[in-house]
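J.:
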Amino acid sequence: MDFYAVLWRELVVLKRGFWKFFASRLVNPLLYLIAFGWGIGRSVQMPQGSYLEFVIPGIVALSAMTTSFGAAGTPLNMARLYHKTLEEYLIAPVSTFSFVLGRVLAATLRGLIAALIILGLALLFKTKLAIGGTFLLILFLTCFLFSALGVVAAMTINSHEDMANFTTFIIMPMSFLCGTFFSTAKLPPGVRQLIEILPLTHTNLALRELGTHGPFPWLSLGVLVFYSVLFFVLACYAVKHSRD
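This is the structure:
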């Protein structure tokens with residue numbers, strides 16, 4: 003239960019700045035919904051449903067990814083390199099597993115809140131999206147794996163500038179190429195096969211299938227579980243290496 007102490011500390015921080023966090027997570031998605039719902043979306047023809055109904059799962063996935071990664075990576079990297087407060091955790095009698103789990107779950111919660119904010123906004127646009135337990139499971143796995151990736155990046159990257167570069171070269175391309183705003187089926191075959199390896203692609207595919215009562219996305223679920231385990235193990239290794 004050591005992880006609970008780490009998680010509790012992060013929850014206290016979230017509680018103190020909740021409304022600031024809420025407002026910051028509200029602005030960008032609202033702009034996306036207005037632009038693609040009332041702007042571009044009206045001129046895009048879809049085989050089934052509206053473009054807004056197509057793009058909302060993508061915006062949900064995008065927000066879950068960026069919020070979770072940023073919530074885990076940026077504060078930890080700053081604590082490690084600039085504030086020098088990470089040492090307090092590393093020398094504390096808390097296991098590496100518990101420390102990583104606490105930080106990852108806290109960032110996962112932030113990602114889930116951001117995703118739920120968008121789903122709430124989607125109701126204002128009168129979109130038809132089926133949200134069930136499996137839909138929320140996909141969101142949880144997405145937030146979890148990108149939170150773990152954030153810990154990996156924070157513990158292995160040695161400057162804040164390089165953290166920004168990681169976002170530019172890894173997170174940003176996934177934001178636009180993994181089927182967030184368009185179907186990956188429209189990409190050239192070689193590019194499409196590469197894109198389909200990435201986790202955000204499977205989040206988008208799974209949320210769209212589940213949101214429209216499509217076939218159960220077993221492959222996407224398996225891929226997300228794989229990345230969640232992989233990144234969590236790497237995060238534990240990175241923290242353990244710093245302790246040693």
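Residues 3 to 246 in this note's numbering are what the sequence shown spells out, letter by letter.
The beta-carbon is built from N, C-alpha and C at its ideal position, and this holds for glycine as well.
Starting from the Cα of residue 112, find the closest Cα among 87, 91, 73 and 85 and give me that residue.
T.: It is 73 whose Cα lies nearest to the Cα of residue 112.
J.: Would residue 148 pass as a contact of residue 80 if the rule is Cβ separation under 8 Å?
T.: No, the pair does not count as a contact, with Cβ atoms beyond the cut-off.
J.: Leaving out five residues before and five after residue 146 in sequence, what residues of the same chain have Cβ atoms less than 6 Å from its Cβ?
T.: So the qualifying residues of the chain are 110 and 230.
J.: DSSP state of residue 225, grouped into three classes?
T.: In the structure shown, residue 225 sits in a helix (DSSP, three-state: H, G or I).
J.: Helix, strand or coil for residue 93, going by three-state DSSP, please let me know.
T.: Coil, per DSSP.
J.: So, do the segment 49 to 66 and the segment 128 to 145 have three or more beta carbon pairs nearer to each other than 8 Å?
T.: These segments touch.
J.: For the segment 113 to 124 against the segment 186 to 206, do three or more pairs of beta-carbon atoms, one drawn from each stretch, fall closer than 8 Å, so that the two count as touching?
T.: The answer is no - the segment 186 to 206 does not touch the segment 113 to 124, with fewer than three Cβ pairs under 8 Å.
J.: Should residue 26 go down as buried or exposed, given a rule of 16 or more other Cβ atoms within 10 Å for buried?
T.: It counts as exposed.
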